[in-house]
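Going by this note's numbering, the first residue of the sequence shown is number 2, and it counts up by one from there.
Just below is one structure, and these are the notes that go with it.
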Amino acid sequence: MDAIRRRAWWVVVCAAPAAVCAAVLAPLALESLGTGGAVATGIEAERARRQAERLGVPSPDLILSLSPGADGPAPPAPSRTDEQATADQASLRTGTEAVVEALSDEPDVRAVWSARTAEDDWLRSRDGRTVLVEARLKGSEKDRADAAPQVVEAARSAARSAAPGLRVEPSGEVWTSREIEETVDRDLRPAELVAAPVLFGMLVFAYGSVVSALLPVLVAALAVGCTLPVLALLAQAVDVSRMGANAVSAIGFGLAVDYSLFLLARVREHTARGEELEEALKAPLRSSGRSIAFSAAAVTACLAAAMVVPVPLLRSLCLAGMVVTLLAALVALVVLPACLVLLGPRAQAWDPLARWRRTRLGDGSRFWRDTARAVTARPFLAGGLAALLLLLLALPFTHVRLGLVDDRTLPA
2 MDAIRRRAWW
12 VVVCAAPAAV
22 CAAVLAPLAL
32 ESLGTGGAVA
42 TGIEAERARR
52 QAERLGVPSP
62 DLILSLSPGA
72 DGPAPPAPSR
82 TDEQATADQA
92 SLRTGTEAVV
102 EALSDEPDVR
112 AVWSARTAED
122 DWLRSRDGRT
132 VLVEARLKGS
142 EKDRADAAPQ
152 VVEAARSAAR
162 SAAPGLRVEP
172 SGEVWTSREI
182 EETVDRDLRP
192 AELVAAPVLF
202 GMLVFAYGSV
212 VSALLPVLVA
222 ALAVGCTLPV
232 LALLAQAVDV
242 SRMGANAVSA
252 IGFGLAVDYS
262 LFLLARVREH
272 TARGEELEEA
282 LKAPLRSSGR
292 SIAFSAAAVT
302 ACLAAAMVVP
312 VPLLRSLCLA
322 GMVVTLLAAL
332 VALVVLPACL
342 VLLGPRAQAW
352 DPLARWRRTR
362 LGDGSRFWRD
372 TARAVTARPF
382 LAGGLAALLL
392 LLLALPFTHV
402 RLGLVDDRTL
412 PA
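As C-alpha cells, then:
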C-alpha cells in the first residue's frame, strides 16, 4: 500500500507543474493562434483569387468607408444647401487624401486604392457623400488580422487631423473575420459562466459527493489547459484557428465527465462490497480503463477522418478535438486514480443531498434496469423506434441553407 501511495504522490507531483505551466501559457497560446480559415483550399475560387493577385488585381483585406459626420452610426442624410455640399466634398476629398497617405506609410499595408487613384468613380457613392478606401495587407492571415486594428486607427487618426468630423467605418474580409471571432469569444464567456455551476450541480447529484464532483473538473481543467499550449506548438507547423480553441473546453469537459464516470462508478461498486480502495481500483482500471482508451481512440479516429476536408477551420476543430481527447483519456487513466488513492475515503465525503437520496450510488436503478430488459427483449422494435426518433430530430436539417461566414453573422 505504501508503494502505491508513493507512486500516486509522484504522479501528482509531476502533474502539478504541468498544470501550473498550462495555466501560465494558455493565454499566450491563444494569442499565437490564427483567424479565419472558413474557405476551402484548392478550390477554383481560391485559384482564381491567387491568379488575380499574381496579375496585380488582388482583393482588398480592409475596406474603409469615409463620409461626413463623427465616427459612429451613420445619421440620416439631411437636406443640404449647395454651400454645405461643397464643404462636405472638400472635407471628404481632404480626408481621403490624408487617409490614403497615412495607409501608404504603414509598414503592414501592401497597396491602397481609393477614388483618387481609381480610373473611374466606382469607389465613390452616387451622391458623392461616401468614398471607399481599400487596402491590401502584408503577411499571413493571422498577421493581417493582427495588423488590422492598427491600420484602422492610423486611418481614423489621419482623418481626424485632416478633416475633423469625418467618419471612418471599417469592413472587409479581414476585419469581418476578426469581428466574428471576437463576438464568438465574447458570447462564449457568459455562456460558460452560466453552464459551469449547472454542470457542477449535476455532477454533485450524480456522484453523490462534492469531492467526487470536483474530480471530473480537475480532469477537464488539466486536459483543456494542456491542450492550448500543444495547439500553440502545432500552430508553428500548420494553421490552427482560434475557433478550434473555442471547441476545446466543450469537448474536454464532456469527455472528462464521461471518462471519470466510467472509473468512479466502478470503483464505488467495488468499495461498496468492502474492498480496500487500492484493490478496488485494479479491476476498474482493467475494464473501464480499456473502455476509456477505446473511446478516446474512436473519437480521435473519427476526427482524424474529418481532416481530409480541405477547410482550414474544420481541420483546426478536428486537430483541437484530437489533442484534448487524448489528453482527457491520459489524465483520467493516470492522474484520476492517483487522486483517488491519496484521497481515500475522503473522495466520497460531503454529500449535500444525502438526506434526500433513496439509494446510494452503486445500488442500481430500477428504472434503467427495467428499460434495459425491455430493450433487450424486443431489440428490433426498440431499434426502430430509436431510428424513427432520430429521423424526426434530423428532419429540420433538410431545410438547411449553407453559406460562407460573412458580415451577416454579426449582430445588427
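No residue lacks a Cβ here, since even glycine has one placed at the ideal position from N, Cα and C.
Keep in mind that this is a model prediction, so the values were computed, not measured.
Item, Value
"Contacting residues, own chain, Cβ-Cβ under 6 Å from L318 (five flanking each side not counted)", "G245, A248"
"Residues near E107 in its chain [Cβ-Cβ closer than 6 Å; skip 5 each side]", "V152, A155"
"Counted within 10 angstroms of its Cβ, other Cβ atoms place L315 as buried (16 or more) or exposed", "buried"
"Test item: CB-CB of L34 and L232 under 8 Å", "yes"
"Cβ-heavy atom distance, A306 to the ligand GDP, below 7 Å", "In the structure on display, the ligand GDP does not appear, and there are no ligands present to speak of."
"Paired residues, beta bridge with W10 - DSSP", "Bridge partners of W10: none, in fact."
"Touch test, the segment 198 to 210 against the segment 273 to 293, Cβ-Cβ under 8 Å, three pairs minimum", "no"
"Beta strand (DSSP E) segment containing W369, residue limits", "Premise fails: W369 lies in the alpha helix (DSSP H), 367 to 378, not in any beta strand (DSSP E)."
"Under the three-state DSSP convention, the category S68 falls into", "strand"
"Distance CB(G384)-CB(L334) smaller than 8 Å", "no"
"G166 and P69 closer than 8 Å at C-beta", "yes"
"Chain-order list of residues whose beta-carbon lies under 8 Å from that of A103 (same chain, five-residue window excluded)", "A155, A156, S158, A159"
"Under the three-state DSSP convention, the category E174 falls into", "helix"
"Pairwise C-alpha distance: A197 and A224", "16 Å"
"Secondary structure of L234, DSSP reduced to three states", "helix"
"Secondary structure, alpha helix (DSSP H): runs of 4+ residues fully inside the segment 155 to 218", "174 to 208"
"Residues that E135 bridges to, as DSSP identifies them", "I64, W114"
"Cβ neighbours of G253 in the same chain (closer than 7 Å, five flanking residues each side left out)", "A221, A224, V225, T228, V325, A329"
"Alpha-carbon spacing of R8 relative to V25, whole angstroms", "27 Å"
"Pick from L215, R125, D109 that is closest to A116, judged by C-alpha positions", "R125"
"Counted within 10 angstroms of its Cβ, other Cβ atoms place D188 as buried (16 or more) or exposed", "exposed"
"Beta-carbon contacts of S242 that lie in its chain and below 6 Å, excluding the five residues immediately before and after", "G35, G38, L314, S317"
"Collapsed DSSP secondary structure at R145 in the structure displayed", "helix"
"Simplified DSSP assignment, three categories, for R125", "strand"
"Nearest-angstrom beta carbon gap, G202 and I64 [assumed within contact, 8 Å]", "Not quite, the Cβ-Cβ distance comes to about 48 Å (not below 8 Å), so this is no contact."
"As assigned by DSSP and simplified to three states, the class of G322", "helix"
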